[in-house]
Amino acid sequence: MIGLFDSGYGGLTVLKALRKRLPQYDYLYLGDNLRVPYGSRSPETIREFSEEALHFFFKKNIPLTIFACNTASAVALPCLQEKYLRTPNVTDSVASLADKKVLGVIIPVAEKAIKITKNKRIAIVGTRATINSKAYEKELHKLDPNIKTLGQACPLLVPLIEEGWHHKPEARSILKKYLAPIKDFAPDTLILGCTHYPIMHDVFEDIMGTRVHVLDSSTAVADSLADYLNRHPEIESQLTKSSDTTNSSASAKLGTVTFTCTDAPERFSEFAQKFLGERVIAEIVKL
Ligand code: DGL
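The opening residue of the sequence shown carries number 1 in the working numbering; numbering runs sequentially from there.
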C-alpha cells in the first residue's frame, strides 16, 4: 500500500495520476482538512503537522508514503527524512521504522521542467511557504545553473479551491492578478507548485496562453514513482504486502483506495467523489 498525504483536496490530483499510471497498488489517502491551508503557516507549524501525518502512516506500517503536497515537501520533508530515515539512533520510538520510504513532489517536477524548457525561463506558483522556501529554485539551479526563475505566491487559491469556488469569475480575476508579473517575465514553463492548482489547470492555461507549458505535479510524480519502483524491486515487493489499515478489508484486494481526513468527512467525500468521478466514503481520523 502507498500512503498519500496532503493538507486537503490537493493530493487527489496526485492520486488520480498515480492510479492511472500504477493502478495495481492500494492507496491510503490522508487529507488534513481540519488544518488546511498549510501554505500560510510558519515553517515550524508545517513541520509539526507534517510530522504528525508521517506518524499516522508509520503507525499503519505503510512502506512508502508520498507527500502529495508541495508545502510539506518543500518545508518539512528534508528534515523529516533526515530525522526518521537516515539517522538510526534518534530516541523517538517511531524512528525505528528506518526502512520506510517517504518521497516528495519537488524533485520530480523540477526534473520534468528542466526537460521541457527551451528558453530557460521557468516560473513557479505555489503557496507562500513553498515560494518563500525557494525549494524549486534550489532544485532547478542544481540541475542547470543557467535557469532563470520567478516565484509567485498565490495564497488565495487554496481556500477558493477548498470552497469549490475555483471556476467562479472571482477566482479567475484573482488568478489573473497573480499571473501578471509572470506574464511579464515571459517563461515558457510554469510549474504549478501546489497540488491543489491542477484542479484549475484550465484557468491557468487560458490566462497564460498556448506558448507556456503549464506543468502540474501529478503526472511528473506518477512517472517518477513508476521509474523509482522499477529501479527498486525490493520496495515494489513490499507494497503488495498487506498493511494495518483503517479499513482492513480495503487492503485485501489490489487497486483499492482508503480515504481518510481529519474533519467533515461528508464534505471531503463529496468533493473527492466529484473530482475523481467515483464513489468515495472518507473516514475521519485523529492525528
Ligand atoms: N496542496 C498543498 C500544496 O501542494 C497545500 C496547500 C495548503 O494547504 O496551503 O502546497
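Don't be surprised by glycine CBs; every beta carbon is placed ideally from N, CA and C.
I want to check one thing, is the minimum distance from the CB of residue i to the heavy atoms of the ligand DGL below 8 Å?
i    : result
H196 : yes
A129 : yes
Y38  : yes
S217 : yes
G255 : no
V280 : no
G164 : no
N146 : no
C69  : yes
G3   : no
S7   : yes
G11  : yes
G104 : no
V158 : yes
G277 : no
Is the Cβ-Cβ distance between residue i and residue j less than 9 Å?
i    : j    : result
L18  : V280 : no
I131 : A110 : no
L77  : K100 : no
I124 : G104 : no
R211 : D184 : no
T13  : D223 : no
A72  : S50  : yes
R128 : G31  : no
Q24  : T240 : yes
V257 : Y27  : yes
K148 : K120 : yes
A180 : Y136 : no
C261 : N33  : yes
F275 : K115 : no
L22  : A226 : yes
I46  : M1   : no
H213 : I161 : no
F204 : Y29  : no
I199 : H166 : yes
Which of helix, strand or coil does DSSP assign to residue i?
i    : result
E278 : coil
K152 : The question names Lys, but residue 152 is Gln in the sequence shown. Reduced to three states, the DSSP call for Q152 is strand.
Y84  : helix
E283 : strand
V105 : coil
C261 : strand
S93  : Note on S93: pLDDT 48, under 50, position unreliable in the model; no value is reported.
I191 : strand
R121 : strand
D244 : At D244, the pLDDT of 45 sits below 50, so the modelled position is not reliable and the matter cannot be decided from this model.
T99  : Residue 99 is actually Asp in this sequence, not Thr. If DSSP states are grouped into helix, strand and coil, D99 belongs with coil.
S249 : Note that S249 has pLDDT 43, beneath the 50 cutoff, so the model's placement of it is unreliable and the number below is only indicative. Reduced to three states, the DSSP call for S249 is helix.
Q238 : helix
A222 : helix
E163 : coil
L12  : helix
H232 : coil
D227 : helix
I46  : helix
D144 : coil
Y178 : helix
S269 : helix
A76  : coil
Residues bridged to residue i by DSSP?
i    : result
F185 : Note: F185 sits in no beta bridge, so no partner.
L4   : Y29 and I66
D216 : L192
G126 : A153 and G193
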